[in-house]
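Undergrad:
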Ligand code: NAD
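Numbering (this note's numbering), first residue to last: 620 to 1118.
(1) Would you list, in sequence order, the uninterrupted alpha helix (DSSP H) runs of no fewer than 4 residues that lie entirely inside the region 1054-1112?
(2) Hey, which unbroken runs of the alpha helix (DSSP H) at 4 residues or more fall wholly within the region 874-937?
(3) Report the residue ranges of all beta strand (DSSP E) runs contained in full by the region 739-786; include only those spanning at least 3 residues, in chain order.
(4) Assign residue 854 to one of three DSSP states: helix, strand, or coil.
(5) Can you name, in chain order, every residue of its own chain whose Cβ lies under 6 Å from the Cβ of residue 1028, other than the five neighbours on each side?
(6) Kindly indicate which three-state DSSP category residue 650 falls into: helix, strand or coil?
(7) Using CA coordinates, which residue listed in 665, 674, 666 and 662 is at the minimum distance from residue 652?
(8) Write down the C-beta distance between residue 1093 and residue 889 rounded to the nearest angstrom, noting that I regard them as a contact closer than 8 Å.
(9) Determine which residues share a DSSP beta bridge with residue 987 and list them.
(10) Assuming residue 963 contacts residue 918 under a Cβ cut-off of 8 Å, what Cβ separation, rounded to an integer in Å, is found between them?
(11) Helix or strand or just coil, what does DSSP make of residue 976?
(12) Among 925, 820, 779 and 716, which residue has its Cα nearest to the Cα of residue 1080?
(13) Between which residues of its own chain and residue 584 is the CB-CB distance below 7 Å, once the five residues before and five after are set aside?
(14) According to DSSP, is residue 669 helix, strand or coil?
(15) Out of curiosity, what's the CA-to-CA distance linking residue 865 and residue 669?
(16) I think residue 934 touches residue 850, with their Cβ atoms under 8 Å apart; what is that distance to the nearest whole Å?
(17) Taking 7 Å as the cut-off, is the beta-carbon of residue 1097 closer than that to any non-hydrogen atom of the ligand NAD?
(18) To the nearest angstrom, how far is the alpha carbon of residue 1101 from that of residue 1107?
(19) Which of the three DSSP states is assigned to residue 623 in this structure?
(20) In the DSSP assignment, what residue or residues form a beta bridge with residue 645?
(21) Any heavy atom of the ligand ADP within a distance shorter than 7 Å of the CB on residue 835?
(22) Around the Cβ of residue 1111, are there at least 16 other Cβ atoms within 10 angstroms (buried) or fewer (exposed)?
(23) In terms of residues, what are the limits of the alpha helix (DSSP H) holding residue 820?
(24) Where does the unbroken beta strand (DSSP E) through residue 811 begin, and where does it stop?
(25) Would you decide whether residue 757 is buried or exposed? Buried here means 16 or more other CB atoms lie within 10 Å of its CB.
(26) Quick test of the definition: if touching needs 3 or more C-beta pairs under 8 Å, does the region 936-943 touch the region 973-987?
(27) Any contact between the region 947-964 and the region 981-999? By contact I mean 3 or more CB pairs, one from each, below 8 Å.
(28) If you reduce the DSSP assignment to three classes, tell me which class residue 664 lands in.
(29) Nearest by alpha-carbon distance to residue 966: which of 691, 732, 689 and 641 is it?
(30) Given 7 Å as the limit, tell me if residue 768 has its C-beta closer than that to any heavy atom belonging to the ligand NAD.
(31) Classify residue 734 as helix, strand or coil using the three-state DSSP reduction.
(32) So, is residue 1062 buried or exposed, given that buried needs 16 or more other C-beta atoms within 10 angstroms?
(33) Go to residue 1026, then tell me how far its beta strand (DSSP E) extends in each direction, as first and last residue.
(34) Would you kindly work out how many angstroms separate the C-alpha atoms of residue 987 and residue 746, rounded to a whole number?
(35) Helix, strand or coil: how does DSSP classify residue 1152 here?
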């Protein structure tokens, strides 16, 4: 299990960034304040104290940002730039982030309570995404000639226009990359609404873009604010040509409804309740270790996590004992401290949610195999919880609803047919995994999952080039990080001339 290598000492640029009295929004290449002067505070989840005050954009402010993105698109400096030049810009952005990687990682770690090394991985994720789409954009067939009788015909592909992005707090920078990377590579302009808990890395990114003059004004706009105001204003703006929402199914439904009314195509990346189906022929120690790492990674605040562990009957007791021992040894601590393996959850509300599900699960008859509960970390007044294991009927509320914390629900199964059936018995459909030394069985079971992703002898496997998306309550409208994603940001037009 990885641990942080960085101490709490902040990079001078990060200290200077955080010392600003007000963090403004980035619109049309300028730093702007909300028209009402409204602000909100951002808290370090590991310390429970304010680290920044951020402007809280209102509807008219968001609309102005969309107008700026629209004007920048129509101006054409970015949208009509030759694709090889645009790709070079994206590579320059990736390189600039890479040169500042520890700065971004410290900001991300402080802002969302992410263990520092995991934050490093997220920053690298955006860098890789920008590079992937910068290269892919050069390989797209922008004019595809069609062989049809009696006609000259082709499909041309152009950028759509302004694109909207609303993202959650669990992977702020990584998810910004998943959205902005393909949209920018295709020549679109963007308005990003970060989560109110974690707006800082996106604002630091804009600061870097502005300082190095990496993008024309209006191509990238970041509008921090509350979900019900700034988020709702992004969702409702009819000038967007594409919308992408990542977050909870409840809010995703609201965004999809308003996009539906405006006929704005929307992509939803939502929650999950992933299963790990563990067969009796696994190496118990190794598999338990990997699943414990998966559920404690970013304190279980991972949409595609393995939250239901289905274990074949014969090894159930041994497997659970192994998991209990490994979970007990997870070092819960401040996210920037040496040796920390699991940091806090993002805020007090999230901690109450995690603890509340343990209580509700027990009230419905489940057994706490490993108790969990609030954790305390010496000298830190943050939102810490202990990892927990809970077992019982899979109809239990803790087995059916997304908890979004370091809690796994355990249940035995008899045979392959039952393992697959239990894994699929959920409204969600994001990522499930199968664990066995029989690779034929693994392939069969992985394909039987009713989810966007089926993983073999691993969980949370996300690779550029492989589509990642959800079905059912986990999402719709296409996935991310694959060639299809780039196509989503290109508008096709068929051109036909009778001969
Ligand atoms: P959330 O739905 O509460 O918020 C997500 C974003 O929506 C935030 O920016 C928020 O400000 C905004 N928002 C809130 N109300 C809004 C409204 N009325 N209109 C428009 N925008 C609004 O989700 P969260 O709690 O920030 O994130 C956790 C959820 O995200 C979990 O369900 C998790 O599974 C999901 N998630 C999914 C993926 C994926 O790729 N499928 C990735 C990460 C997280």
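By construction, the Cβ of each residue, glycine as well, lies at the ideal position given by its N, Cα and C atoms.
TA: Looking at the coordinates:
(1) 1058-1067 and 1102-1107
(2) 903-915
(3) 762-767, 770-778 and 781-785
(4) One-based indexing of the chain shown puts residue 854 at position 235. Helix.
(5) The count along the chain shown starts at 1 and reaches residue 1028 at position 409. Closer than 6 Å at Cβ, skipping near neighbours: 927, 1009, 1017 and 1018.
(6) Numbered from its first residue, the chain shown carries residue 650 at position 31. If DSSP states are grouped into helix, strand and coil, residue 650 belongs with the strands.
(7) Reading the chain shown from its first residue, position 33 is the one you call residue 652. When each option's Cα is compared against that of residue 652, the closest is 674.
(8) Translated into the one-based positions of the chain shown, residue 1093 becomes position 474. Translated into the one-based positions of the chain shown, residue 889 becomes position 270. Right, their Cβ atoms sit about 5 Å apart.
(9) Your numbering for residue 987 matches position 368 in the chain shown. Residue 987 pairs with 1009.
(10) Working through the chain shown from its first residue, we reach residue 963 at position 344. Working through the chain shown from its first residue, we reach residue 918 at position 299. That pair is a contact at about 7 Å.
(11) The residue given as residue 976 occupies position 357 in the chain shown. Reduced to three states, the DSSP call for residue 976 is helix.
(12) On the chain shown, position 461 is the one that residue 1080 refers to. The option with the nearest alpha carbon to residue 1080 is 925.
(13) Nothing can be reported for residue 584: it is not among the residues displayed for the chain, which extend from 620 to 1118.
(14) On the chain shown, position 50 is the one that residue 669 refers to. Residue state, collapsed to three classes: strand.
(15) Position 246 of the chain shown holds residue 865. Position 50 of the chain shown holds residue 669. Rounded to the nearest angstrom, the two C-alpha atoms are 25 Å apart.
(16) Numbered from 1 along the chain shown, position 315 holds the residue referred to as residue 934. Numbered from 1 along the chain shown, position 231 holds the residue referred to as residue 850. 45 Å between Cβ atoms; not a contact.
(17) Walking along the chain shown from the start, residue 1097 turns up at place 478. Flag unset: Cβ of residue 1097 not near the ligand NAD.
(18) Translated into the one-based positions of the chain shown, residue 1101 becomes position 482. Translated into the one-based positions of the chain shown, residue 1107 becomes position 488. Taking the straight line joining both Cα atoms gives about 10 Å.
(19) Reading the chain shown from its first residue, position 4 is the one you call residue 623. Its pLDDT being 41, under 50, residue 623 is placed unreliably by the model, and the measurement read from it follows with that caveat. Residue 623 falls in the coil class under three-state DSSP.
(20) The residue given as residue 645 occupies position 26 in the chain shown. In DSSP, residue 645 forms a bridge with 650 and 841.
(21) This structure lacks the ligand ADP; the ligands present are the ligand NAD.
(22) Residue mapping note: residue 1111 aligns to position 492 of the chain shown, counting from 1. Answer is exposed; the Cβ neighbour count stays below 16.
(23) For the purposes of this step, residue 820 is taken as the residue at position 201 of the chain shown. Per DSSP, residue 820 belongs to the alpha helix (DSSP H) from 819-830.
(24) Walking along the chain shown from the start, residue 811 turns up at place 192. Per DSSP, residue 811 belongs to the beta strand (DSSP E) from 808-812.
(25) Mapped onto the chain shown, residue 757 falls at position 138. Answer is exposed; the Cβ neighbour count stays below 16.
(26) no
(27) yes
(28) In the chain shown, the residue the question calls residue 664 occupies position 45. Coil, per DSSP.
(29) Looking up residue 966 in the chain shown gives position 347. Among 691, 732, 689 and 641, the Cα nearest to that of residue 966 belongs to 732.
(30) The residue given as residue 768 occupies position 149 in the chain shown. Flag unset: Cβ of residue 768 not near the ligand NAD.
(31) As a first step, residue 734 is located in the chain shown; it is residue number 115 there, counting from the start. The answer is coil: DSSP assigns residue 734 none of H, G, I, E or B.
(32) For the purposes of this step, residue 1062 is taken as the residue at position 443 of the chain shown. Answer is exposed; the Cβ neighbour count stays below 16.
(33) On the chain shown, residue 1026 is found 407 positions in, with the first residue counted as 1. Its beta strand (DSSP E) spans residues 1026-1032.
(34) The residue labelled residue 987 in the question sits at position 368 within the chain shown. The residue labelled residue 746 in the question sits at position 127 within the chain shown. Residue 987 and residue 746: Cα-Cα distance of roughly 41 Å.
(35) Residue 1152 lies beyond the residue range present for the chain, which begins at 620 and ends at 1118; the question has no answer from this structure.
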